[in-house]
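**Q** Sending over a structure as structure tokens; questions will come in a sec.
Protein chains: 2
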Amino acid sequence: MRARRRRSDCPVHFGLEVFGDQWSLLILRDLMFKGRTTYSEFLRAEEGIATNVLADRLVRLEQDGIVTSERDERTGRSVRYRLTAKGVDLLPVLLDIIAWSATYDAHTAAEPEFVERLRSDRPGLEAAIRRDLAQSSSIESS
Amino acid sequence: MRARRRRSDCPVHFGLEVFGDQWSLLILRDLMFKGRTTYSEFLRAEEGIATNVLADRLVRLEQDGIVTSERDERTGRSVRYRLTAKGVDLLPVLLDIIAWSATYDAHTAAEPEFVERLRSDRPGLEAAIRRDLAQSSSIESS
DNA sequence: GCGCGTAACTTGCTATTAGCAAGTTGAGGA
DNA sequence: TCCTCAACTTGCTAATAGCAAGTTACGCGC
């Protein structure tokens, strides 16, 4: 597993220790926006993460308190990953990245309605996504 | 230089292609908040970036339109890097990361007054930083 | 105009990490 | 009891990071 040494107490560096790589934020994207919650669902993402890298990142994200994992009660077969409050609080970062890419990437796949709402009603959009995330996790556990 | 293949048109992935590594956002931090603008100033940053990695990232950030470089008019000896509009527009991402780390890192070096203003008057803080960045670049070129 | 110092890199080598394919484990269902 | 499938692990190769040393080139003092 990638060794991370704390090189400074700079808050930017602290964040990069947790998600400063190519894959961690894509896993968070899947959890926040795509409703993907299992290992095999993450594997199916269009970017094609390698199996060992995915396993490594999931362990790491759990160690860092960004996600939790538990065996699915109903099916018993799959492990379900869920965002913690610390993980959900990275939502603003993801939204800013999406807004930036929507501006500067001519071929972006960002949905126009989503981007429009992001620009016109960011607080409402953020609150709605947080509600969705809170609800889906309570449904699973009931 | 690190090869980047576009694996998808997802806006999150687009952003990660540009700054999804340990060092790019630290260089942007230096440019945005610390007034560092030259190769040797970036090298002096507390995290200790390797010389070849720094050279690689500066080339890449310039290729991606995040920074521009030009020889300093007055001293003639140093190359001065500056943020483009596209680069400055990553300011929200940096501010969110700082806010998140200030919340979750018990040993953060983030300045309390800065964090306080970030929480109480984010638009004003962002506008002030943008003004500073615009001004410093116009001073250099006059 | 000629060393000297310094800024900005480049190069060579080793250590780490990513990527890919194949193998393993363990629970559930027929 | 076997089959399937989810969730990993392992082995190997390619790419990237890290470190130390070397190179180039400009400006300044003499």
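Those sequence lines, one after another, are chains F and P.
Residue 62 in our numbering is what sits at position 56 of the first sequence, and the numbering runs on without skipping anything.
Residue 112 in our numbering is what sits at position 106 of the second sequence, and the numbering runs on without skipping anything.
Cβ atoms here follow ideal geometry from the backbone N, Cα and C, with glycine treated the same way.
1. Under 8 angstroms, Cβ to Cβ, is there at least one residue of chain F near P:S147?
2. Beta carbon of P:A112, beta carbon of F:P17: below 8 angstroms?
3. Starting from F:E122, trace the alpha helix (DSSP H) in both directions and tell me its first and last residue.
4. Which residues of chain P have a Cβ atom closer than 8 angstroms to the Cβ of F:A108, listed in chain order?
5. According to DSSP, is P:E76 helix, strand or coil?
6. 8 angstroms is my cut-off, CB to CB: does F:V99 come that close to chain P?
7. Any beta carbon from chain F within less than 8 angstroms of P:L96's own beta carbon?
8. In terms of DSSP beta bridges, what is F:R88 paired with?
9. Does any C-beta atom of chain P lie closer than 8 angstroms to the C-beta of F:Q141?
10. In terms of residue numbering, what span does the alpha helix (DSSP H) encompassing P:A105 cover?
11. Assess, as a yes-or-no matter, whether the stretch 132–141 of chain F is touched by the stretch 27–35 of chain P under the definition of 3 or more beta carbon pairs within less than 8 angstroms.
12. According to the neighbour-count rule (16 or more other Cβ atoms, all chains shown, within 10 Å of its Cβ), is P:E23 buried or exposed?
13. Tell me whether P:R12 is buried or exposed, calling it buried when 16 or more other Cβ atoms sit within 10 Å of its Cβ.
14. So, is P:S126 buried or exposed, given that buried needs 16 or more other C-beta atoms within 10 angstroms?
15. From what residue to what residue does the alpha helix (DSSP H) around P:Q69 run?
16. Please report the straight-line C-alpha distance between P:G82 and P:E76, rounded to a whole angstrom.
17. Beta-carbon within less than 7 angstroms of P:H19's beta-carbon, same chain only, minus the 5 sequence neighbours each way: which residues are those?
18. Take P:H71 and list the residues in its own chain whose beta-carbon comes closer than 7 angstroms to its own, dropping the five residues that flank it on each side.
19. For F:A51, which of helix, strand or coil comes out of DSSP?
20. When the Cα of P:S107 is compared with those of F:E47, F:P98 and F:S143, which residue comes out closest?
21. Skipping 5 residues on each side, what residues in its chain have a beta carbon closer than 8 angstroms to that of F:S142?
22. Quick check: what's the CA-CA separation for F:R63 versus P:T74?
23. Excluding the five sequence neighbours on either side, which residues of its own chain have a C-beta within less than 7 angstroms of the C-beta of P:R88, listed in chain order?
24. Do you know how far the Cα of F:R80 is from the Cα of P:L124?
25. Please report the distance separating the alpha-carbon of F:S148 from that of F:F39.
26. In this structure, does DSSP put P:R13 in helix, strand or coil?
**A** In short:
1. In this predicted model, P:S147 has a pLDDT of only 49, less than 50, meaning its place in the structure is not dependable enough to derive any value.
2. no
3. P118 to S126
4. P17
5. strand
6. yes
7. yes
8. F:T74
9. no
10. L97 to Y110
11. no
12. buried
13. exposed
14. exposed
15. T57 to Q69
16. 10 angstroms
17. R13
18. According to the sequence provided, residue 71 of chain P is Gly. The question's His does not apply to it. T90 and K92, listed in sequence order.
19. coil
20. F:P98
21. G41
22. 34 angstroms
23. T43, V73, T74 and S143
24. 44 angstroms
25. Low confidence applies here, because F:S148 scores a pLDDT of 43, under 50, leaving its location unreliable; read the following figure in that light. Roughly 22 angstroms between the two C-alpha positions.
26. coil
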